[in-house]
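Report on one structure; see the data block that follows.
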Amino acid sequence: EAARQTGLPLIIHARDADDDMARILTEEHRAGAYSCVMHCFSSSAALGQAALDLGFYLSMSGIAAFPRSAELREIFAAAPRDRILMETDSPYLAPPPHRGKRNEPAFVAHTARIGAEALGLDYDSFAAQTEANFDRLFSKAAAWTPPA
């Protein structure tokens, strides 16, 4: 309801609750459209597709760069390019080669390289696409200019 009233996106971090999450998001969407980011997405293809079907975004964190995350990379590769965001989830989930260290915003570049590879894009194209996605979703932040 808050997302609908404010026009701001709902941010969801869901773990081990895919069926419940898909049901709740769908029921709420029937009550009125809203935007949403599946933050630090590492759930099933079914939840990812349910979110995408509602027009939501999937956000890729350092988890996608882990060697055992091939299935997760496939989910992102199958997603519409205009529905993918990048994030660090700092200070957690640092991507290789920083695994086990404190994550920081600069490390998103490592995850973006993995994302670009998964989607078959060059790094600059992937970065431009995810930046455009961010600007569209967070239009208030994108429009902000610092005071002179």
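Residue numbers are given in the UniProt record's numbering: position 113 of the sequence shown equals residue 113, and the series is strictly consecutive. By construction, the Cβ of each residue, glycine as well, lies at the ideal position given by its N, Cα and C atoms. What you are looking at is a predicted structure, and each value in this text was computed from that prediction instead of being measured.
Across the structure, F134 and A127 are spaced so that their CA atoms are roughly 11 Å apart. When beta bridges are read from the DSSP output, Y34 appears opposite no residue. L52 carries a helical assignment under DSSP once its states are collapsed to helix, strand and coil.
Classified as buried, S61 has 16 or more neighbouring CB atoms from the shown chains inside 10 Å of its CB. A Cβ-Cβ separation of about 7 Å places E87 in contact with V108 under the 8 Å criterion. Distance between F76 and P146, taken at the CA atoms: about 33 Å.
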